[in-house]
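J.: Would you mind keeping the following structure in view while I ask a few things?
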Amino acid sequence: MNVTEWDDPDRIDALPGGERSPPLEAGDSYVVPPGTVHGVRALEPCRVVDAFAPPLGADTSE
Numbered sequence: 001m002n003v004t005e006w007d008d009p010d011r012i013d014a015l016p017g018g019e020r021s022p023p024l025e026a027g028d029s030y031v032v033p034p035g036t037v038h039g040v041r042a043l044e045p046c047r048v049v050d051a052f053a054p055p056l057g058a059d060t061s062e
């Protein structure tokens with residue numbers, strides 16, 4: 001499962017795998033490899049959108 005997150009309109013720190021990345025700006029995105037522990041920290045008020053492929057909870061055993 002990949003997770004793509006982006007922020008609008010301000011800045012966040014992405015922490016894929018517990019590693020700090022450069023702050024994301026409005027319109028930026030990043031992909032987290034399947035099974036990677038990750039998180040974000042808002043540096044300013046922002047909106048974050050998570051998109052999952054396949055959809056979270058989908059049965060992918062077929």
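The opening position of the sequence shown corresponds to residue 1 in UniProt numbering, with each subsequent residue numbered one higher.
Glycine residues also receive a C-beta, built at the ideal position from the N, C-alpha and C atoms.
Please look up how many angstroms separate the CB atoms of proline 22 and leucine 43, rounded, as I've assumed it's under 8 Å.
T.: With 8 Å as the limit, proline 22 and leucine 43 do not qualify as a contact, their Cβ atoms being about 11 Å apart.
J.: Please give me, in chain order, every unbroken run of the alpha helix (DSSP H) with length at least 4 that falls completely inside the stretch 30 to 62.
T.: none
J.: Have a look at proline 45 and proline 55 and give me their C-alpha separation to the nearest angstrom.
T.: 27 Å
J.: When we look at the beta-carbon of valine 31 and count the other beta-carbons within 10 Å, is it buried (16 or more) or exposed?
T.: Exposed, since its Cβ has fewer than 16 Cβ neighbours within 10 Å.
J.: If we ignore side chains and look at the alpha-carbon of each, how far apart do threonine 36 and valine 48 end up?
T.: 18 Å
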